[in-house]
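As you go down the protein sequences, you meet chains A and B in turn.
Numbering follows this note's numbering, with no gaps: position 150 of the first sequence is 150.
In this note's numbering, each residue carries its 1-based index in the second sequence increased by 151.
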Amino acid sequence: MSIFELMLEYLREGKIQVDNTIHTHPAAYHDPCNYGRKSLKAFGQAFFEEGREIAKACCTDLRELNPNRNGAYCCGAGGGAWAMPFNAERVYYGRTKARQISESGAELVIAPCHNCRDQIMKSLNKEYELNVEVKYLWELVADSLIMPNKQ
Amino acid sequence: MMYEFRVSEMAEEFGVHRNTIRNWIAAGTLPAKEGPGRKYLMKFHDYQVLCEKFGREPVIHPSNHVELANIQSMEALAGQMVPMELDGHHSALAIDPSWADACLTCGTCASACPIAGVDGLDPRKIVRMAVLGMDKELVDSQWPWKCTMCGKCEESCPASIQITALMRKIRGTRDRDKVPGPIHKGVVMCLERGNNLGIPKDDFVFLCEELGEELAADCCPGFVTPVDVHGARVLVTVNSKEPFAEPDDMKWWWKIFYAAGESWTIPSENWEGVNWGLFSGDDASMKVVVGRIVDNMRRLNCKVLLLPE
Numbered sequence: 001m002s003i004f005e006l007m008l009e010y011l012r013e014g015k016i017q018v019d020n021t022i023h024t025h026p027a028a029y030h031d032p033c034n035y036g037r038k039s040l041k042a043f044g045q046a047f048f049e050e051g052r053e054i055a056k057a058c059c060t061d062l063r064e065l066n067p068n069r070n071g072a073y074c075c076g077a078g079g080g081a082w083a084m085p086f087n088a089e090r091v092y093y094g095r096t097k098a099r100q101i102s103e104s105g106a107e108l109v110i111a112p113c114h115n116c117r118d119q120i121m122k123s124l125n126k127e128y129e130l131n132v133e134v135k136y137l138w139e140l141v142a143d144s145l146i147m148p149n150k151q
Numbered sequence: 152m153m154y155e156f157r158v159s160e161m162a163e164e165f166g167v168h169r170n171t172i173r174n175w176i177a178a179g180t181l182p183a184k185e186g187p188g189r190k191y192l193m194k195f196h197d198y199q200v201l202c203e204k205f206g207r208e209p210v211i212h213p214s215n216h217v218e219l220a221n222i223q224s225m226e227a228l229a230g231q232m233v234p235m236e237l238d239g240h241h242s243a244l245a246i247d248p249s250w251a252d253a254c255l256t257c258g259t260c261a262s263a264c265p266i267a268g269v270d271g272l273d274p275r276k277i278v279r280m281a282v283l284g285m286d287k288e289l290v291d292s293q294w295p296w297k298c299t300m301c302g303k304c305e306e307s308c309p310a311s312i313q314i315t316a317l318m319r320k321i322r323g324t325r326d327r328d329k330v331p332g333p334i335h336k337g338v339v340m341c342l343e344r345g346n347n348l349g350i351p352k353d354d355f356v357f358l359c360e361e362l363g364e365e366l367a368a369d370c371c372p373g374f375v376t377p378v379d380v381h382g383a384r385v386l387v388t389v390n391s392k393e394p395f396a397e398p399d400d401m402k403w404w405w406k407i408f409y410a411a412g413e414s415w416t417i418p419s420e421n422w423e424g425v426n427w428g429l430f431s432g433d434d435a436s437m438k439v440v441v442g443r444i445v446d447n448m449r450r451l452n453c454k455v456l457l458l459p460e
């Protein structure tokens, strides 16, 4: 099962409750290649709307990076590039993603992928002076959780 | 290209009466069709043939047009032409030989690629090199490793050339000790020690327990990290960079599981959820790592597998 299906299951079946008043600043959703375009090609199924549904449950101002979904641009660190010794090329690769983010006016970028999050948060953010906060999709959900009373 | 003319102009050009031109059009001698504004259209080639028939020079010479004489000399050769052989090279990388014809060399892939031009290469050139059997140059090139296999090229390709599969095959063909960065070392480490960064079992279990205690104290009363719990619904795999460098990041999912009342567990061994064989083009190692996750699913009798992303 993908992280999307599991989180959606929790949200749709009411297993978890989230508070959307914590993230009210402009947020943008990044489509990872592997969960979108490449999943569609390999398995005939992409996860485009699932991540948005989850993010919308937590954010009041969710914006799109254009182009998005099947036409989305790679963060620049996929395919193992985050670990490769070609840093200059990786930063250059990410210029389109950086431009999309700054054009969206987002102050928070939501990335459902480890590589994408690291590239945007630790590299593009500094190189292109984006001044954005970057969260994993599950980090966003965890930070928005209304914790049940247990013990 | 089409040649546009008025009947009166054509009559003057050939020194005949306007009615003669109309008769030629009606009879098909002059293969023209009526166009807008009392003008006629004919193929420029037909106009050239007409001029030649009457020994006249065409009044216009479009710069992009081929001289009739040149075409005729080529037409004469058409029956005798033999396909060109390029040193008899055959590529082990070009996945489908039909790419040589299917690829239109249109360059749409190169326009879609964010690193087209880096090292003077782009997806179109890579495909062409494969088709031409330049396997050694491709395998030696660093470009396929700078590419992130994002698939923008392939998505835009009007001929559906499998460019990302080609890129991965090029990567997989390189000698393993020449794979750039830690990717292959991580694969070897994972095969030997169960995760890409070689974290020992005891350290991992201790870390999980410690983080669980922190989470319980912080916001999840009663939380205990479920390691190797038989019969849990969800088996959770981990990106080894988290226990290695950012252990607190593991708590977000744990907090969600706690809130949802989920039945879940982390295996104490072979919990690596990042399969670097996918990136290094190493199918055999990839299969071993996947097999270990399947073993964990069976051993712990879990129903749902969660990968790190």
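Think of the CB as a built atom: it goes at the ideal place given N, C-alpha and C, for glycine as much as any other residue.
Nearest residue (CA-CA) to N115(A), options R90(A), P67(A), P26(A): Sorting R90(A), P67(A), P26(A) by C-alpha distance to the C-alpha of N115(A) places R90(A) at the top.
Run of the beta strand (DSSP E) containing E64(A), from where it starts to where it stops: Unbroken beta strand (DSSP E) run through E64(A): 62–64.
Candidates F165(B), I222(B), V389(B), of which the one nearest L201(B) by Cα: Per the Cα distances, F165(B).
Beta-carbon contacts of F118(B) that lie in its chain and below 6 Å, excluding the five residues immediately before and after: There is no way to answer for residue 118(B), as the model of chain B reaches only from 152 to 460.
Nearest-angstrom Cα separation, counted from E393(B) out to F355(B): Here the C-alpha atom of F355(B) lies approximately 11 Å from the C-alpha atom of E393(B).
Proximity to Y10(A) [Cα-Cα], best of A410(B), K454(B), D379(B): It is A410(B).
Integer-rounded CB distance, given that K406(B) should sit under 8 Å from C371(B): That belief holds up - the Cβ atoms of C371(B) and K406(B) are roughly 6 Å apart, short of 8 Å.
Coil, strand or helix - H335(B) by DSSP: Residue state, collapsed to three classes: helix.
CB contact flag (A72(A), Q119(A), <7 Å): The answer is no: Cβ separation not under 7 Å.
Rounded straight-line distance, which links the Cα of I101(A) to that of G94(A): Near 11 Å, if we compare the C-alpha coordinates of I101(A) and G94(A).
Separation of A368(B) from P418(B), as counted between CA atoms: Their backbone Cα atoms lie some 23 Å apart in a straight line.
Own chain residues within Cβ distance below 8 Å of L8(A), not counting five before or after: Contacts found: E50, E53, I54.
Beta-bridge partners of K194(B), as assigned by DSSP: As DSSP reads the structure, K194(B) sits in a beta bridge with M153(B).
Contact set between N170(B) and chain A, taken where Cβ atoms lie within less than 8 Å: None at all; the shortest Cβ gap to chain A is about 59 Å.
Cβ-based neighbour list, E360(B), same chain, cut-off 7 Å, excluding 5 preceding and 5 following: T376.
With 16 other Cβ atoms within 10 Å as the buried cut-off, status of P309(B): Burial call: exposed.
Three or more C-beta pairs below 8 Å linking the segment 224–234 of chain B and the segment 264–283 of chain B: Touching, no, given that fewer than three Cβ pairs across the two stretches are closer than 8 Å.
Contact list for I407(B) against chain A, beta-carbon separation under 8 Å: Residues of chain A whose Cβ lies closer than 8 Å to the Cβ of I407(B) are, in chain order, M7, Y10, I16, W138, V141, A142, L145.
Start and end residues, beta strand (DSSP E) containing V455(B): 455–457 is the extent of the beta strand (DSSP E) around V455(B).
7 Å Cβ cutoff, P331(B) in contact with chain A: Cβ-Cβ to chain A under 7 Å: yes for P331(B).
Top-ranked residue by Cα proximity to D247(B), from A281(B), A263(B), V269(B), M225(B): It is A281(B) whose Cα lies nearest to the Cα of D247(B).
Under 7 Å by beta carbon: chain B residues contacting T24(A): Within 7 Å of the CB of T24(A), no CB atom of chain B is found; the nearest one sits about 20 Å away.
Rounded separation between V217(B) and H196(B) - CA only: Cα to Cα, V217(B) sits roughly 9 Å from H196(B).
Bounding residues of the alpha helix (DSSP H) (the contiguous stretch that carries L11(A)): Residues 3–12.
Proximity test, Cβ basis, 7 Å: Y128(A) and chain B: Interface with chain B (7 Å Cβ-Cβ cutoff): Y128(A) is excluded.
Q31(A) classed as buried or exposed, judged by whether at least 16 other C-beta atoms fall within 10 angstroms: Residue identity check: residue 31(A) is Asp in the sequence provided, not Gln. Buried is the call here.
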